[in-house]
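2 protein chains.
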Amino acid sequence: MTIDQIINKIYPLSEASRESLKKHITEVTYPKGHILLKAKKIETSIYFIKKGIVRAFSNLADNEVTFWFGKEGDTVISMKSYVARKKGYEDIELLENCELYELKTQDLQKLFNEDIQIANWGRKFAEQELIKTEERLIFLQFKNASERYASLLKNSPDLVKRVQLRHISSYLGITQVSLSRIRAEIK
Amino acid sequence: MTIDQIINKIYPLSEASRESLKKHITEVTYPKGHILLKAKKIETSIYFIKKGIVRAFSNLADNEVTFWFGKEGDTVISMKSYVARKKGYEDIELLENCELYELKTQDLQKLFNEDIQIANWGRKFAEQELIKTEERLIFLQFKNASERYASLLKNSPDLVKRVQLRHISSYLGITQVSLSRIRAEIK
DNA sequence: GTCATTTTTTATCATTTGTAAAACGATTCC
DNA sequence: GGAATCGTTTTACAAATGATAAAAAATGAC
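Going down the list, the sequences are from chains U and P.
Numbering (our numbering) for the first sequence: 1 to 187.
Numbering (our numbering) for the second sequence: 1001 to 1187.
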């Protein structure tokens, strides 16, 4: 996915505004297994995924819980760092070799105060992430484990193929054993 | 809570920008039990709560699920209507007689394109709601029912007092029977 | 290909949570 | 005051999920 596609998918910008945004974006690659963002740090960059798949997880008590997946076109961000300049709760791990677009939070913040189009682009970004998070919250609260898995399978079949099932089960809020049972039933 | 306090809590505006925002805000009151926003409609207003408490719920299958509470200083909004101009998933019911500040979405959208401060105010609003939703999502996924109740009791003791327990249990993602069991254990 | 390691599935039992119905308490209505 | 209604708790039982261990399958290194 090109950076122009990613930018315009969030909110179409004029050529001028898009260029001034792109001026601050660089391309980087990291190997599978790399930890892109760390829970214990206040992160200063956000990333857009050109190619690859990543997960966000927290270390709770003894076991880690995956609560988000990102793939091509998605934005990798520590919301806590970005919004409140506080340490986030998530580590971001690359589950494949990844090609990413990097943008410094500080540069973006500056643009928010200079360019009304980019300010509205930032608004739209937050709004869209909010909708996604809200939908997932409602799903987690309303549906049981089988329904959640069935829905994931329907809406993101590639995810289930590309990602280890232990991460999927964690994402669904159940144990790996439970997920296995559910998968066995469906067959 | 005054409207100036509510506006500035989200993101401090200059007097000029705040005034142009306030020009579009009116005060309304509705009685307990009133349905402020409807799931089946594309809503055209958002509200700020001056006084009172409200809940958002969805009718799923046969039983309704409460997934959000709002009180003094909170914003009542159908995110789907606001962001995507689509029908939301929630009804909003007033749990007490309420005093509200009303703002037409259309007026706000217009201001977003005219005033960079207000555009950034809208961005900050979405970002803050996003953080809240993300925290709740993580809580729902990471913590068990007792921990979630304990946390609610700690962080919003007034809520537990002001709201019926059947709504609280629904909000926690458990049955009323389970909540009763949890409450019995704590004593 | 073979071996070692990791991941997933299966089986068993314990625990948690849900369902349904009854009991209790508080409030409202006549 | 008494009957009816609503909200909450309790009880008994059923279903779902978790914990643990072990087997099977898949993956990766050499």
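C-beta: ideal position from N, C-alpha, C; glycine also.
Whole-number beta carbon distance between residue j and residue i, since they are thought to touch under 8 Å
| i | j | result |
| --- | --- | --- |
| residue 65/U | residue 94/U | Actually they are not in contact, since the Cβ atoms of residue 65/U and residue 94/U sit about 18 Å apart, beyond 8 Å. |
| residue 1119/P | residue 116/U | 6 Å |
| residue 946/P | residue 131/U | Because chain P is modelled from 1001 through 1187, residue 946/P falls outside the range shown and cannot be assessed. |
| residue 101/U | residue 3/U | 5 Å |
| residue 1142/P | residue 60/U | 5 Å |
| residue 123/U | residue 1123/P | 4 Å |
| residue 1152/P | residue 1172/P | 7 Å |
| residue 35/U | residue 21/U | With a Cβ gap of about 26 Å, residue 35/U and residue 21/U do not count as contacting. |
| residue 126/U | residue 1126/P | 4 Å |
| residue 1067/P | residue 1058/P | 7 Å |
| residue 1043/P | residue 1081/P | 4 Å |
| residue 47/U | residue 121/U | That pair is no contact at about 16 Å. |
| residue 107/U | residue 37/U | Not quite, the Cβ-Cβ distance comes to about 17 Å (not below 8 Å), so this is no contact. |
| residue 1076/P | residue 1049/P | 6 Å |
| residue 1087/P | residue 1041/P | 7 Å |
| residue 52/U | residue 19/U | With a Cβ gap of about 26 Å, residue 52/U and residue 19/U do not count as contacting. |
Start-to-end residues for the beta strand (DSSP E) that takes in residue i
| i | result |
| --- | --- |
| residue 55/U | 53 to 60 |
| residue 1158/P | Unbroken run through residue 1158/P is the alpha helix (DSSP H), 1157 to 1162; no beta strand (DSSP E). |
| residue 29/U | 25 to 30 |
| residue 89/U | Careful: residue 89/U lies outside any beta strand (DSSP E) and carries neither H nor E. |
Status (buried if at least 16 other CB within 10 Å, exposed otherwise) for residue i
| i | result |
| --- | --- |
| residue 1045/P | buried |
| residue 1023/P | exposed |
| residue 1071/P | buried |
| residue 1184/P | exposed |
| residue 1133/P | buried |
| residue 39/U | buried |
| residue 168/U | buried |
| residue 1014/P | exposed |
| residue 179/U | buried |
| residue 1009/P | exposed |
| residue 1114/P | exposed |
| residue 147/U | exposed |
| residue 1154/P | exposed |
| residue 165/U | exposed |
| residue 32/U | exposed |
| residue 1231/P | This structure cannot speak to residue 1231/P, because chain P is shown only from 1001 to 1187. |
| residue 1177/P | exposed |
Host alpha helix (DSSP H) of residue i (start-end)
| i | result |
| --- | --- |
| residue 1010/P | 1003 to 1010 |
| residue 168/U | 165 to 172 |
| residue 114/U | 105 to 114 |
| residue 1186/P | 1176 to 1186 |
Strand pairing of residue i, partner residues [DSSP]
| i | result |
| --- | --- |
| residue 1069/P | 1055/P |
| residue 75/U | 48/U |
| residue 1063/P | 1060/P |
| residue 102/U | 26/U and 47/U |
| residue 35/U | 93/U |
>> Would you call the stretch 1025 to 1039 of chain P in contact with the stretch 1096 to 1114 of chain P, where contact means no fewer than 3 C-beta pairs closer than 8 Å?
In response: Here the stretch 1025 to 1039 of chain P makes contact with the stretch 1096 to 1114 of chain P; the two share three or more CB pairs at distances below 8 Å.
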